[in-house]
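**Student:** Each residue of the sequence shown is one higher than the one before, starting from 472 at the first, in the numbering used here.
This is the structure I have questions about; it appears just below.
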Amino acid sequence: MTKLYDFTLPSIDGEDCSLADFKGQVCLLVNVASKCGLTPQYDGLQRLHDRFRDRGFAVIGFPCNQFGGQEPASEQEIQEFCRHNFGVNFPLFSKLEVNGDARSPLYTWLTSEDTQPDGPGDIAWNFAKFVVDRSGSVSARFQPQVEPESLEIREIIEKALG
472 MTKLYDFTLP
482 SIDGEDCSLA
492 DFKGQVCLLV
502 NVASKCGLTP
512 QYDGLQRLHD
522 RFRDRGFAVI
532 GFPCNQFGGQ
542 EPASEQEIQE
552 FCRHNFGVNF
562 PLFSKLEVNG
572 DARSPLYTWL
582 TSEDTQPDGP
592 GDIAWNFAKF
602 VVDRSGSVSA
612 RFQPQVEPES
622 LEIREIIEKA
632 LG
């Protein structure tokens, strides 16, 4: 059975990073973009990361340029934008594709899982959110419009944290 920890991807700095580094943590995986109407969600993602980090939680961002070309920047520009405008210090990875023939194996796995409240299938837009529990399994998926700090996401995270 596939788990989050089975994947290795390049970080935004270009270094290979094993997601096994997050073993035992609860994670919120999000495909992000800097020029999207939902980009202000970076604020909520950072606050969520700060709120639960000490309990074994991490937000992990995956820039993606597949939706309206809303992430055209280089990795360095993305990193600078996120830090300067939103104070982002949660892990960011290199750009990847979340749908289609070039879909990242990570997103092939994420989108194939039978999740609630949003079920399996292609990513609809930037800022789709997946909660992964401490065992490395997907426990929930949320539509892009659901705010990171919404009660429904916080409750799932709290439950996963125990």
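The beta carbon of each residue, even a glycine, is placed where N, CA and C say it ideally should be.
Could you check where the beta strand (DSSP E) with residue 642 kicks off and where it finishes?
**Tutor:** This structure does not reach residue 642, given that the chain is present from 472 up to 633, and the question cannot be answered.
**Student:** Can you round the beta-carbon distance between residue 613 and residue 600 to whole angstroms, since I take them to be within the 8 Å contact cut?
**Tutor:** Translated into positions along the sequence shown, residue 613 becomes position 142. Translated into positions along the sequence shown, residue 600 becomes position 129. About 4 Å separates the two Cβ atoms, so the contact holds.
**Student:** Could you tell me the boundaries of the alpha helix (DSSP H) in which residue 479 lies?
**Tutor:** For this step, residue 479 is matched to residue 8 along the sequence shown. Premise fails: residue 479 lies in the beta strand (DSSP E), 479-481, not in any alpha helix (DSSP H).
**Student:** Whole-angstrom Cβ separation of residue 634 and residue 568, contact assumed at under 8 Å?
**Tutor:** Residue 634 is absent from the model: the chain starts at 472 and stops at 633.
**Student:** Buried or exposed: where does residue 543 fall if 16 or more other Cβ atoms within 10 Å of its Cβ makes it buried?
**Tutor:** For this step, residue 543 is matched to residue 72 along the sequence shown. Looking at its Cβ environment, which holds fewer than 16 other Cβ atoms inside 10 Å, residue 543 is exposed.
**Student:** To the nearest angstrom, report how far apart residue 575 and residue 553 are at their CA atoms.
**Tutor:** Along the sequence shown, read from residue 1 onward, the residue named residue 575 stands at position 104. Along the sequence shown, read from residue 1 onward, the residue named residue 553 stands at position 82. So the two alpha carbons sit approximately 22 Å from each other.
**Student:** Would you list, in sequence order, the uninterrupted beta strand (DSSP E) runs of no fewer than 3 residues that lie entirely inside the region 486-548?
**Tutor:** Counting whole runs of 3 or more residues, the region 486-548 contains the beta strand (DSSP E) stretches 487-489, 497-503, 528-534.
**Student:** Near residue 580, what residues of its chain come up, given a Cβ to Cβ distance below 6 Å and the 5 sequence neighbours on each side ignored?
**Tutor:** In the sequence shown, residue 580 corresponds to position 109, counting from 1. For residue 580, where only same-chain residues beyond five positions count, the Cβ hits under 6 Å are 473.
**Student:** State the beta-bridge partners of residue 563 as determined by DSSP.
**Tutor:** Along the sequence shown, read from residue 1 onward, the residue named residue 563 stands at position 92. Paired residues: 532.
**Student:** Look at the Cβ atom of residue 628, then the Cβ atom of residue 523, and state whether they are nearer than 8 Å.
**Tutor:** Here the question's residue 628 lines up with position 157 in the sequence shown. Here the question's residue 523 lines up with position 52 in the sequence shown. For residue 628 and residue 523, yes; Cβs fall inside 8 Å.
**Student:** From the DSSP output, which residues share a beta bridge with residue 630?
**Tutor:** Counting from 1 along the sequence shown, the entry for residue 630 is found at position 159. DSSP output for residue 630 lists no bridge partner at all.
**Student:** Return the chain-ordered ranges of every beta strand (DSSP E) run that is complete within the region 554-628 and spans a minimum of 3 residues.
**Tutor:** You should have 600-603, 609-613.
**Student:** Relative to the C-alpha of residue 492, which residue among 528, 502, 512 is closest?
**Tutor:** As a first step, residue 492 is located in the sequence shown; it is residue number 21 there, counting from the start. Residue 528 is the option with its Cα nearest to residue 492.
**Student:** According to the neighbour-count rule (16 or more other Cβ atoms, all chains shown, within 10 Å of its Cβ), is residue 517 buried or exposed?
**Tutor:** Translated into the one-based positions of the sequence shown, residue 517 becomes position 46. Buried, since its Cβ has 16 or more Cβ neighbours within 10 Å.
**Student:** Find out if the Cβ-Cβ distance for the pair residue 617, residue 498 is shorter than 8 Å.
**Tutor:** Counting from 1 along the sequence shown, the entry for residue 617 is found at position 146. Counting from 1 along the sequence shown, the entry for residue 498 is found at position 27. Not a contact, by the Cβ cut-off of 8 Å.
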